[in-house]
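K.L.:
Below is one structure. I have some questions about it.
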Amino acid sequence: MYDLVIKNGIFLDAGNTMNVDGIAIQNGRIVSYNPDIPAQKILDAQGNYVVPGFIDFHTHVFEGSAYGVNPDLLFSYGITTVVDQGTVGYINYPSFIHQCQNKMMKVKSFINVYPLGQPGDGITEFLNTDILHKDKLIKLILENKDTIKGIKLKFSKGLIEQDEENFLCKILEICDYTGLPLCIHTTNPPCDTGIIVSKLRKGDIYCHLYQGHGNTILDENNIVKNEFWKARKRGVIMDAANGCVNFSYKIAIPALQQQFAPDIISTDLTARSFNNFQNNMARNLVFVMSKYLNLGLNFSTIIKSVTSIPAQVLKLSGEIGTLQEGALADICICKIVNTQHDFYDANNVKRSGDKYIRTLATIAEGNIMFLNDELI
Numbered sequence: 057m058y059d060l061v062i063k064n065g066i067f068l069d070a071g072n073t074m075n076v077d078g079i080a081i082q083n084g085r086i087v088s089y090n091p092d093i094p095a096q097k098i099l100d101a102q103g104n105y106v107v108p109g110f111i112d113f114h115t116h117v118f119e120g121s122a123y124g125v126n127p128d129l130l131f132s133y134g135i136t137t138v139v140d141q142g143t144v145g146y147i148n149y150p151s152f153i154h155q156c157q158n159k160m161m162k163v164k165s166f167i168n169v170y171p172l173g174q175p176g177d178g179i180t181e182f183l184n185t186d187i188l189h190k191d192k193l194i195k196l197i198l199e200n201k202d203t204i205k206g207i208k209l210k211f212s213k214g215l216i217e218q219d220e221e222n223f224l225c226k227i228l229e230i231c232d233y234t235g236l237p238l239c240i241h242t243t244n245p246p247c248d249t250g251i252i253v254s255k256l257r258k259g260d261i262y263c264h265l266y267q268g269h270g271n272t273i274l275d276e277n278n279i280v281k282n283e284f285w286k287a288r289k290r291g292v293i294m295d296a297a298n299g300c301v302n303f304s305y306k307i308a309i310p311a312l313q314q315q316f317a318p319d320i321i322s323t324d325l326t327a328r329s330f331n332n333f334q335n336n337m338a339r340n341l342v343f344v345m346s347k348y349l350n351l352g353l354n355f356s357t358i359i360k361s362v363t364s365i366p367a368q369v370l371k372l373s374g375e376i377g378t379l380q381e382g383a384l385a386d387i388c389i390c391k392i393v394n395t396q397h398d399f400y401d402a403n404n405v406k407r408s409g410d411k412y413i414r415t416l417a418t419i420a421e422g423n424i425m426f427l428n429d430e431l432i
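Mapping the sequence shown onto the numbering used here, position 263 (from 1) lands on 319, and the numbers just tick up by one.
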């Protein structure tokens, strides 16, 4: 007997329609579906989309930081895995791991090169080689490869107290040694973005793709710089990482018109932005996904950007971000509704949209974590 069967949905995996009549779950994993085998529970998707559970690739969920959001609050938005992007460094990582052990949400992390991560509340992460403590950082990474999936560097003007380009190269050496990708924060960068992205390797992440402070991905003619096309071709990952200050329509719209879309859509969620209805920039992941739907990205592309692509970057393809047999039973049921929403950027520029992605159910490792009344 199956534990759970989901029927009557439009099943999408990696953005493609699956030719199946249902999805079966047993012992927390997706198994081959046979309509003749009974199930303890049957969930009728009622013609809505059935997709892999969403992965929010850029969040801040360490509650020992002023930025931290309780990740267990995110199940109602279709999310089954989050990645904490640099809220912790090697000093407070043990506290972070202890916190994660008491949560139901799957939490992975990119560790910050700054020893205390991002404490928030006006504490600035000034960096130099004296406080880098390379050996301690590498030791922690090698001992925690199941949870640490990358390295985070905040690369903005005034934060690095020496030659910034040389410092970036030193961090890339640590990435090479540990076999991990670098996620580089690029808002108001200290040098030309073309130089930055040219140093990144396959699998590295350029985040805050459409930020509008200082140097951006566009040249003086509003054309996407050639270095970014080259970087994409060699496998550098482009993450939207919206946040409250890291998205500008002046950058996003020309880039999207030139077919330079993000590989990953994420929130950069913090306690300041989460479900703050006075903040129309990054309330939650489906809010940000809906913004891109109204900017013209098709639904299948958006779904890939929050499922199969981040799973691949985390080196968890086949385990999460998919509906294939053998994967963890992380599943979202959702639909597109016609409703008016306003979506702002960091400069308080408003664009309105009439399409919104609504979550109806979230299943994590076979357990129903959220169920909208519409499916009851």
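Glycine is no exception: its CB is placed at the ideal position from the N, C-alpha and C atoms. A quick note: this is a predicted structure, and the numbers were derived from the prediction, not measured.
With which residues is Arg-414 paired in a DSSP beta bridge?
P.N.:
Lys-391
K.L.:
Taking the Cβ atom as the reference point for each residue, do Thr-242 and Tyr-262 lie within a distance shorter than 8 angstroms?
P.N.:
yes
K.L.:
Give the single residue among Tyr-412, Gly-422, Thr-326, Gly-374 whose Cα lies nearest to the Cα of Leu-130.
P.N.:
Thr-326
K.L.:
Spell out the partners DSSP gives Tyr-146 in its beta bridges.
P.N.:
Answer is none; Tyr-146 lacks a bridge partner.
K.L.:
Going by DSSP, what residues sit across from Ala-122 in a beta bridge?
P.N.:
Answer is none; Ala-122 lacks a bridge partner.
K.L.:
With distances taken from CA atoms, which of Leu-183, Pro-318, Gln-102 is nearest Ile-389?
P.N.:
Gln-102
K.L.:
Apply the 10 Å Cβ neighbour rule to Thr-180 and answer buried if 16 or more other Cβ atoms are within range, or exposed otherwise.
P.N.:
Thr-180 is exposed by the Cβ-count criterion.
K.L.:
Whose C-alpha, out of Ile-365, Ser-165, Tyr-305, is nearest the C-alpha of Tyr-146?
P.N.:
Ser-165
K.L.:
So is Tyr-90 buried or exposed if we call it buried at 16+ other beta carbons inside 10 Å?
P.N.:
Looking at the sequence shown, residue 90 is not Tyr but Asn. By the neighbour-count rule (16 or more Cβ atoms within 10 Å), Asn-90 is not buried but exposed.
K.L.:
Lys-406: which of Asn-331, Asp-177, Ser-304 sits nearest, CA to CA?
P.N.:
Ser-304
K.L.:
In this structure, what does DSSP give as the bridge partners for Asp-398?
P.N.:
Ser-408
K.L.:
Taking Ser-361 as part of the alpha helix (DSSP H), name the residues at either end of that continuous run.
P.N.:
355-361
K.L.:
If we count the other Cβ atoms within 10 Å of its Cβ and call it buried at 16 or more, is Gly-214 buried or exposed?
P.N.:
exposed
K.L.:
Just to confirm before moving on: does the CB-CB distance between Arg-290 and Lys-258 stay below 8 angstroms?
P.N.:
yes
K.L.:
Could you tell me which whole alpha helix (DSSP H) segments of length 4 or greater appear in the segment 190-241?
P.N.:
Entirely contained in the segment 190-241, the alpha helix (DSSP H) runs reaching 4 residues are, in chain order, 190-199, 220-234.
K.L.:
So what does DSSP say about Lys-255, is it helix, strand or coil?
P.N.:
helix
K.L.:
Assign Ala-287 to one of three DSSP states: helix, strand, or coil.
P.N.:
Three-state DSSP puts Ala-287 in a helix.
K.L.:
Does DSSP put Thr-136 in a helix, a strand or coil?
P.N.:
In the structure shown, Thr-136 sits in a strand (DSSP, three-state: E or B).
K.L.:
Nearest by alpha-carbon distance to Ala-156: which of Phe-67, Lys-286, Val-138, Tyr-58 is it?
P.N.:
The sequence as given places Cys at residue 156; Ala does not occur at that position. The shortest Cα separation from Cys-156 among Phe-67, Lys-286, Val-138, Tyr-58 belongs to Val-138.
K.L.:
Considering only the beta carbon of each residue, do Val-117 and Val-163 sit closer than 8 angstroms?
P.N.:
yes
K.L.:
Which residue marks the beginning of the alpha helix (DSSP H) containing Ile-365, and which one marks its end?
P.N.:
For Ile-365, the enclosing alpha helix (DSSP H) has its first and last residue at 364-369.
K.L.:
Measure the CB-CB distance between Leu-244 and Lys-208 and report whether it falls below 8 angstroms.
P.N.:
Per the sequence shown, residue 244 should be read as Asn rather than Leu. No, they are not a contact pair.
K.L.:
Tell me which residue opens and which closes the alpha helix (DSSP H) that Ala-80 is part of.
P.N.:
Ala-80 -> not in any alpha helix (DSSP H); beta strand (DSSP E) instead, spanning 78-82.
K.L.:
If the criterion is Cβ atoms closer than 8 angstroms, does the pair Ile-320 and Phe-110 meet it?
P.N.:
no
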